[in-house]
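Asks: Here's a structure for you.
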Amino acid sequence: LFFIFILQLCVFGLFAQGSSEIKIIDVDVEGNVVTTDRMIRYTASLKVGNEVKPGDFSKAVKRLWRLGMFSDIQIRLDDETEDGIKLTIIVKENPILGKISFKGNKKIKDSQLEEKLMLASGQRIRPNTTHDKIQELKTFYAEEGFLLAEIEDELSQAKTVRSNDPKILEITKDLTFHIK
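Positions 76 to 255 (my numbering) are the ones given, in order, by the sequence shown.
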């Protein structure tokens, strides 16, 4: 977010020098693994030829954030000319959920836990997802009379995925809940 603030200060200086909008002459995308450059540009509404105002950059970040696909989003001002500005949208994709497993679970059937968690292989794992799911599991265990259950999570590189695309394998993570 600090980076966006710097970008806005730089762009604000450009806007102060002339018109209230400035033209985008180039937009690069970095850091994406599975998500296409085109989809990122489209969602951000930062396309070559567009005229932008200073507030458009924070709106672009918010639109991308709402997708739930990225854990970090930055917009970098690469160059400014009389013709306009060159930008780079830098993203870090959230992992894709692979296999879900439970270790140490002896009191409740895995199928009951899976049903309670409502997680599905293939969905994106947001940064707070595993923390929230641990809390749900602890609540469920307490409701079943196991008040002292300790639960930790572990994300590990998936060994197999349904796709032959190596890019998908790269960001797919298996989730294991360790229950004591």
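Where is the CB? At the ideal position from N, CA and C, for every residue including glycine.
1. Whole-angstrom Cβ separation of residue 152 and residue 162, contact assumed at under 8 Å?
2. According to the neighbour-count rule (16 or more other Cβ atoms, all chains shown, within 10 Å of its Cβ), is residue 112 buried or exposed?
3. Along the chain, where does the alpha helix (DSSP H) containing residue 110 start, and where does it finish?
4. Taking residue 205 as part of the alpha helix (DSSP H), name the residues at either end of that continuous run.
5. Kindly indicate which three-state DSSP category residue 118 falls into: helix, strand or coil?
6. Spatial neighbours of residue 145 within its chain, please: CB distance less than 7 Å, with the 5 preceding and 5 following residues excluded, ordered by chain position.
7. Relative to the ligand COA, is the shortest distance from any of its heavy atoms to the C-beta of residue 109 smaller than 7 Å?
8. By how many angstroms is the C-alpha of residue 219 removed from the C-alpha of residue 106?
9. Using a 10 Å radius around the Cβ and a threshold of 16 neighbouring Cβ atoms, would you call residue 216 buried or exposed?
10. Please identify the residue among 102, 131, 172 whose C-alpha is closest to the C-alpha of residue 236.
Replies: For this structure:
1. 6 Å
2. exposed
3. It is not in any alpha helix (DSSP H) - residue 110 carries neither H nor E in the DSSP assignment.
4. 204 to 218
5. helix
6. 139, 166, 167, 168, 169
7. The ligand COA is not part of the structure shown, which contains no ligands of any sort.
8. 44 Å
9. buried
10. 172
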